[in-house]
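Asks: First the structure, which I've put down as structure tokens, then a few questions once you've had a look.
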Amino acid sequence: METAIERVHTGIPGLDHVLEGGFPKGARVLLAGGAGCGKTICCGQYLYKGATKFGEPGVYVSTEEPPSEFKANMLRFGWDFKKLENEKKIGMVDAVYQRVESEITEQESLQSILYNLRSKLSEVKILVEQLGATRLVVDSLPGFGFRVTDLNTLREIFLEVGLLLKDVGCTTLMTTEIVEGSGLISRFGIEEFLATGVMVLSLVRQSSPIRRRHHHQRPSRGSKC
Numbered sequence: 000m001e002t003a004i005e006r007v008h009t010g011i012p013g014l015d016h017v018l019e020g021g022f023p024k025g026a027r028v029l030l031a032g033g034a035g036c037g038k039t040i041c042c043g044q045y046l047y048k049g050a051t052k053f054g055e056p057g058v059y060v061s062t063e064e065p066p067s068e069f070k071a072n073m074l075r076f077g078w079d080f081k082k083l084e085n086e087k088k089i090g091m092v093d094a095v096y097q098r099v100e101s102e103i104t105e106q107e108s109l110q111s112i113l114y115n116l117r118s119k120l121s122e123v124k125i126l127v128e129q130l131g132a133t134r135l136v137v138d139s140l141p142g143f144g145f146r147v148t149d150l151n152t153l154r155e156i157f158l159e160v161g162l163l164l165k166d167v168g169c170t171t172l173m174t175t176e177i178v179e180g181s182g183l184i185s186r187f188g189i190e191e192f193l194a195t196g197v198m199v200l201s202l203v204r205q206s207s208p209i210r211r212r213h214h215h216q217r218p219s220r221g222s223k224c
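What follows is the structure, encoded as structure tokens:
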């Protein structure tokens, strides 16, 4: 007799049905797609519904835009993250500086890069523990490797991120960019190895001016689809 898998509801209409009730608890799900397909919105809804509907605190790690911009954008949907942050239901980690200060020169060593990265990841872990967070969003993974061109260095960076994700044990959503024409499902072709499942978002062109978002889920651990 199979043991039932504990599920974490996403709070996203229709998605929980497809996922047999939600993500497997502790899953690390990669959300891949091009610009404008709704990756950040999905992440925002996942965290907001978790905190307001299911009583599950969450942490948002941003490498693409300052958390203040994220909070302002989410208000368009009526999701007040500033209020949740004040109530200690949501935590924000600003990792945008990691992009600004991570221009790699020939003189900069891998150890220096990893030292700065570990410092930021330690901040994430502390916040998760302080809030008792069970949901985590990393938006986006490629931001940690901004301006890094050496593949081995990228692997080391994502290894560190992967170790953190396993350590905190949250049910995690991570985003990555799909570069059109690359044939890859992630920006660097590495990010998917951090995940237990992958969801690909895309915009479906129609004859009307309205574009519809579409998602495709690759086989993942703990789910039939």
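Going by numbering that gives the first Met the number 0, the first residue of the sequence shown is number 0, and it counts up by one from there.
Note that the Cβ used here is the ideal one computed from N, Cα and C, for glycine as well.
All values reported here derive from a predicted model rather than from experimental measurement.
1) What number of angstroms, rounded off, separates the C-alpha of L30 from the C-alpha of R117?
2) For Q106, which residues of its own chain have a beta-carbon under 7 angstroms away from its beta-carbon, when the five flanking residues on both sides are left out?
3) Go ahead and pull the three-state DSSP assignment for Q106.
4) Starting from E176, follow the beta strand (DSSP E) in both directions and report where the run begins and ends.
5) Could you work out which residue in K24, D149, P12 is closest to R6 when comparing CA atoms only?
6) Can you tell me whether S139 is buried or exposed, with buried defined as 16 or more other CB within 10 angstroms of its CB?
7) Find out if the Cβ-Cβ distance for the pair F53, H8 is shorter than 8 angstroms.
8) Quick check on this structure: which residue in A50, I40, C42, V28 has the alpha carbon closest to the alpha carbon of G131?
9) Keeping to the same chain, check which residues put their C-beta closer than 8 angstroms to that of L153; ignore five residues upstream and five downstream.
10) Report yes or no: do the stretch 157-165 and the stretch 70-89 share at least 3 C-beta pairs separated by less than 8 angstroms?
11) Any heavy atom of the ligand ATP inside 7 angstroms of the beta-carbon of D149?
12) Along the beta strand (DSSP E) that carries L74, what are the first and last residues, could you check?
13) Measure the alpha-carbon distance for K38 versus I177 and round it to whole angstroms.
Replies: Per the coordinate set shown:
1) 23 angstroms
2) Confidence is the limiting factor: at Q106 the pLDDT is only 49, short of 50, which leaves the residue's position unreliable and the question unanswerable from this model.
3) With a pLDDT of only 49 at Q106, under the threshold of 50, the placement of this residue in the model should not be trusted; the figure read from the coordinates follows. Here Q106 sits in coil by DSSP.
4) 170-176
5) K24
6) buried
7) yes
8) A50
9) G144, V147, F187, I189
10) no
11) Annotation note on the ligand ATP: not contained in the displayed structure, which lists no ligands.
12) No beta strand (DSSP E) contains L74, which DSSP labels as neither H nor E.
13) 11 angstroms
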